[in-house]
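**Student:**
Protein chains: 2
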Amino acid sequence: MAYRETPAVRMRLDAARERLVTEATAVVAEVGWAGASVGAVAAAAGMSAGSVYQHFASKTALAVEVFRRAAGREVEVLGAVLRDGAGDAVARLACGVEVFARRAFERRGLAYALLAAPADEAVCAERLEFRRRYRALFAEVVREGTAAGLLPPQDPEVTAAALTGAVGEVLVDPLAVPSGDAAAEALLAELTAMALRCAGAGTVKGTARPGGNDDR
Amino acid sequence: MAYRETPAVRMRLDAARERLVTEATAVVAEVGWAGASVGAVAAAAGMSAGSVYQHFASKTALAVEVFRRAAGREVEVLGAVLRDGAGDAVARLACGVEVFARRAFERRGLAYALLAAPADEAVCAERLEFRRRYRALFAEVVREGTAAGLLPPQDPEVTAAALTGAVGEVLVDPLAVPSGDAAAEALLAELTAMALRCAGAGTVKGTARPGGNDDR
DNA sequence: ACAAGAAGTGAACCACGGTTCAGACCTTGC
DNA sequence: GCAAGGTCTGAACCGTGGTTCACTTCTTGT
């Protein structure tokens, strides 16, 4: 034999694959899953349509990878706040919802693609899977909150699903139509307040401070 | 001329169109939007693929009609409970959520298709529109609740969106995997309790009865 | 009964976009 | 420089499923 893969080649290959995923993510954020054809994505990454298949077995596989990368980042960030953040369970819940929403606003196109944009079967399945992960994170913090007496008795799984759906639904419309920063901030405040109500923060009889209420 | 549309013909035509919509709905409930090809739907309605185009300009138009009919019924039922039902705003909200969820469980396949199943652009757009209607109904009852002092101050639109998303998300998984009646009833109870918390029922300081709490 | 014209059929048509592949071009070890 | 074996290209291929259309079958007024 007279040819063997050299580190330099491996690196070029990996870089190309990386660029493909990155550019595909950008295209999806821009035009949605439906508009992200193999040709368009390849062009964005500066390669031919055929070369895409050097890195991924199918367009679906690429789409799934794009989704996993982007959604995985969000799961990680949310987990970091909810699980390893500072403060009690209620404080971390509020912080988690706010961080999640804030990040969504910073990358509207991508957030919309991840949350709501029409997608094919495989991506929808992935969406379901990641929603399950969001739910698991929320459920954990709710469970901790009830155990600590900060939240009233409830099924943490139901509340977690509700939080996931509620946050997503509240964000979908604002993400679709651009709005001002002030409006976004107001929305964030309302959203976190809603999330706390949803979990029942501030309604536990023994712990509730007599005159204190959660509105500012 | 020697042929003119007679009432009998009109009636047959209308009946055929009706049967088409009905059967298409059944097919969609069974196999989802993706599996509901023109051929399959036509066969279910006892007509040829070509005849579908006698009644609808395109497959998309038929899909939209199917969605509107089914979703429209739900909007009407929810509106009847939330707007014209008995009891105060909080009672009607609880009742509305429960009725909505109960109806979803009675027609799982259809409910799943309306709420979450992968669908093409046009149907997704329709979904967005109907979610807006659900939101409007919830927002109205929340607004009434805050005005009556039953609910704390809040942005009714945000809470309404949250309720819509929360109910949908909580239902998606249970709708996909069949479960027992007992589990379904328990879920309903948790779901309505969560909805009331989400709107802040029972947290208003002046009105709250000292010892009373909303857990049973 | 018959002509006019609509409803109904289903096989052929076609657009679309993912996928393939024969050839061009590179990289490597000798 | 050269052979071996890789990467890269983009035009051609192809499966899918919505849509069309020539034709058949019915319905209606005379």
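If you read the sequences in order, they're chains A and B.
Using the numbering used here, you'd call the opening residue of the first sequence number 1 and step up by one each time.
Using the numbering used here, you'd call the opening residue of the second sequence number 1 and step up by one each time.
All C-beta atoms, glycine included, are put in the ideal place defined by N, C-alpha and C.
(1) Considering only residues of the same chain and omitting the five flanking positions on each side of E144/B, which have a CB-CB separation below 8 Å?
(2) Using the Cβ count rule (16 or more neighbours within 10 Å means buried), how would you classify G87/A?
(3) R221/A: which of V172/A, D14/A, A45/A, S37/A sits nearest, CA to CA?
(4) Among the residues of its own chain, which have a CB less than 6 Å from the CB of P152/B, if the five just before and after it don't count?
(5) Does any CB atom of chain B fall closer than 8 Å to the CB of C95/A?
(6) Going by the CB atoms, is the gap between M47/A and A26/A shorter than 8 Å?
(7) Suppose the cutoff is 6 Å on Cβ atoms and the five residues either side in sequence are ignored; what does the same chain contact list for P156/A look like?
(8) Ends of the alpha helix (DSSP H) at Y3/B?
(9) Note down, in chain order, every chain B residue with its Cβ under 7 Å from the Cβ of V64/A.
(10) Expressed to the nearest angstrom, what Euclidean distance is found between the alpha-carbon atoms of P174/A and G165/B?
(11) Which class does Q154/A belong to by DSSP, given the choice of helix, strand or coil?
(12) When the Cα atoms are used, what is the spatial distance from E169/A to L115/A?
(13) Check whether chain B comes within 8 Å of P7/A, counting only Cβ atoms and requiring the distance to be less than that.
(14) In whole angstroms, what separates the C-alpha of G50/A from that of A43/A?
(15) Taking 8 Å as the threshold (beta carbon to beta carbon), is G46/A in contact with chain B?
(16) For A161/B and E190/A, what's the separation of their Cα atoms in angstroms?
(17) Beta-carbon within less than 8 Å of A195/B's beta-carbon, same chain only, minus the 5 sequence neighbours each way: which residues are those?
(18) What residues from chain B crowd round Q219/A, counting only those whose CB sits closer than 9 Å?
(19) For the alpha helix (DSSP H) holding A184/A, just list the boundary residues, first then last.
(20) Have a look at Y3/B and E30/A and give me their C-alpha separation to the nearest angstrom.
(21) Take the Cβ of L128/B as the centre, count every other Cβ of all protein chains shown within 10 Å, and call the residue buried at 16 or more, exposed below.
(22) May I ask which residues mark the beginning and end of the alpha helix (DSSP H) holding F100/A?
(23) What does V170/B reach in chain A if we use C-beta pairs closer than 7 Å?
(24) Is the shortest distance between the beta-carbon of L187/A and the beta-carbons of chain B less than 8 Å?
(25) Could you check if A57/A is buried or exposed, using at least 16 other CB atoms within 10 Å of its CB as the buried criterion?
(26) Express the C-alpha separation of G39/B and E74/B in angstroms, rounding to a whole number.
(27) What do you reckon, are the CB atoms on A24/A and A36/A nearer than 8 Å?
(28) Leaving out the 5 sequence neighbours to the left and right, which residues in its chain are closer than 8 Å to V21/B when beta-carbon positions are compared?
(29) Spatial neighbours of A184/B within its chain, please: CB distance less than 8 Å, with the 5 preceding and 5 following residues excluded, ordered by chain position.
(30) Taking the Cβ atom as the reference point for each residue, do V77/B and V99/B lie within a distance shorter than 8 Å?
(31) Could you give the DSSP three-state label for F56/B: helix, strand or coil?
(32) Given a threshold of 16 other Cβ atoms within 10 Å of its Cβ, counted over all protein chains shown, does R221/A qualify as buried or as exposed?
(33) Please state the DSSP three-state secondary structure of P118/B.
(34) Assign P178/B to one of three DSSP states: helix, strand, or coil.
(35) In terms of residues, what are the limits of the alpha helix (DSSP H) holding T22/A?
(36) Using a Cβ cut-off of 8 Å (strictly closer), state whether P118/B contacts chain A.
**Tutor:** Reading it off the structure:
(1) Here residue 144/B corresponds to residue number 144 of the second sequence, with the count starting at 1. By the criterion of a C-beta distance shorter than 8 Å, E144/B is surrounded in its chain by A89, once the five residues flanking it on both sides are discounted.
(2) Mapped onto the first sequence, residue 87/A falls at position 87. It counts as exposed.
(3) There is simply no residue 221/A to check, as chain A begins at 1 and stops at 216 in what is shown.
(4) For the purposes of this step, residue 152/B is identified with residue 152 of the second sequence, where counting begins at 1. So the list reads G200, T203, V204, once near-sequence residues are dropped.
(5) Walking along the first sequence from the start, residue 95/A turns up at place 95. Not one chain B Cβ lies under 8 Å of C95/A.
(6) To locate residue 26/A, count along the first sequence from 1; it is residue 26. To locate residue 47/A, count along the first sequence from 1; it is residue 47. No, Cβ-Cβ distance for A26/A and M47/A is not below 8 Å.
(7) Sequence index remark: in the first sequence, residue 156/A carries index 156 (1-based). By the criterion of a C-beta distance shorter than 6 Å, P156/A is surrounded in its chain by A139, V142, R143, once the five residues flanking it on both sides are discounted.
(8) Working through the second sequence from its first residue, we reach residue 3/B at position 3. Taken as a continuous stretch (DSSP letters only), Y3/B belongs to no alpha helix (DSSP H), as it is neither H nor E.
(9) The sequence position of residue 64/A within the first sequence is 64, counting from 1. Per Cβ cutoff of 7 Å: no residues; V64/A is ~14 Å from chain B at best.
(10) Reading the first sequence from its first residue, position 174 is the one you call residue 174/A. Reading the second sequence from its first residue, position 165 is the one you call residue 165/B. Near 14 Å, if we compare the C-alpha coordinates of G165/B and P174/A.
(11) Position 154 of the first sequence, counted from the first residue, corresponds to residue 154/A. Correct three-state label for Q154/A: coil.
(12) Along the first sequence, read from residue 1 onward, the residue named residue 169/A stands at position 169. Along the first sequence, read from residue 1 onward, the residue named residue 115/A stands at position 115. Cα to Cα, E169/A sits roughly 9 Å from L115/A.
(13) As a working note, residue 7/A is residue 7 in the first sequence. Chain B contact via Cβ: absent.
(14) Along the first sequence, one-based indexing puts residue 50/A at 50. Along the first sequence, one-based indexing puts residue 43/A at 43. Roughly 11 Å separates the two Cα atoms.
(15) For this step, residue 46/A is matched to residue 46 along the first sequence. Not one chain B Cβ lies under 8 Å of G46/A.
(16) Position 161 of the second sequence, counted from the start, is the residue given in the question as residue 161/B. Position 190 of the first sequence, counted from the start, is the residue given in the question as residue 190/A. Answer to the nearest angstrom: the Cα atoms are 11 Å apart.
(17) Numbered from 1 along the second sequence, position 195 holds the residue referred to as residue 195/B. Contacts found: L93, A94, V97, L163, A166, V167.
(18) The first residue shown for chain A is 1 and the last is 216, placing residue 219/A beyond what the model contains.
(19) Within the first sequence, the letter at position 184 stands for residue 184/A. Element bounds for A184/A: 181 to 199.
(20) As a working mapping, residue 3/B is identified with position 3 in the second sequence. As a working mapping, residue 30/A is identified with position 30 in the first sequence. For Y3/B and E30/A, the distance between alpha carbons rounds to 54 Å.
(21) For this step, residue 128/B is matched to residue 128 along the second sequence. Residue environment: L128/B is assigned as exposed (fewer than 16 neighbouring CB atoms within 10 Å of its CB, all protein chains considered).
(22) Numbered from its first residue, the first sequence carries residue 100/A at position 100. Residue range 89 to 106 is occupied by the alpha helix (DSSP H) that includes F100/A.
(23) Working through the second sequence from its first residue, we reach residue 170/B at position 170. The answer, in chain order, is V158, A161, A162, G165.
(24) Along the first sequence, one-based indexing puts residue 187/A at 187. With 8 Å as the cut-off, L187/A counts as an interface residue toward chain B.
(25) Walking along the first sequence from the start, residue 57/A turns up at place 57. By the 10 Å Cβ count, A57/A comes out exposed.
(26) To locate residue 74/B, count along the second sequence from 1; it is residue 74. To locate residue 39/B, count along the second sequence from 1; it is residue 39. Rounded to the nearest angstrom, the two C-alpha atoms are 28 Å apart.
(27) Taking the first residue of the first sequence as 1, we reach residue 24/A at position 24. Taking the first residue of the first sequence as 1, we reach residue 36/A at position 36. Yes, they are a contact pair.
(28) As a working mapping, residue 21/B is identified with position 21 in the second sequence. If we look at V21/B and ignore the five residues flanking it on each side, its Cβ neighbours are L62, E65, V66, R69.
(29) Against the second sequence, residue 184/B aligns to sequence position 184. Counting only Cβ-Cβ distances below 8 Å, and skipping sequence neighbours, we find F105, P174.
(30) Taking the first residue of the second sequence as 1, we reach residue 77/B at position 77. Taking the first residue of the second sequence as 1, we reach residue 99/B at position 99. In this structure, V77/B sits near V99/B, with a CB-CB distance shorter than 8 Å.
(31) In the second sequence, the residue the question calls residue 56/B occupies position 56. Coil at F56/B, not helix or strand.
(32) Coverage of chain A is limited to positions 1 through 216, which leaves residue 221/A absent and any answer about it impossible.
(33) Mapped onto the second sequence, residue 118/B falls at position 118. P118/B falls in the coil class under three-state DSSP.
(34) To locate residue 178/B, count along the second sequence from 1; it is residue 178. Of the three classes helix, strand and coil, the one that applies to P178/B here is coil, per DSSP.
(35) Working through the first sequence from its first residue, we reach residue 22/A at position 22. Taken as a continuous stretch (DSSP letters only), the alpha helix (DSSP H) holding T22/A covers 7 to 35.
(36) Locating residue 118/B in the second sequence gives position 118, counting from the first residue. P118/B has a beta carbon lying within less than 8 Å of a beta carbon in chain A.
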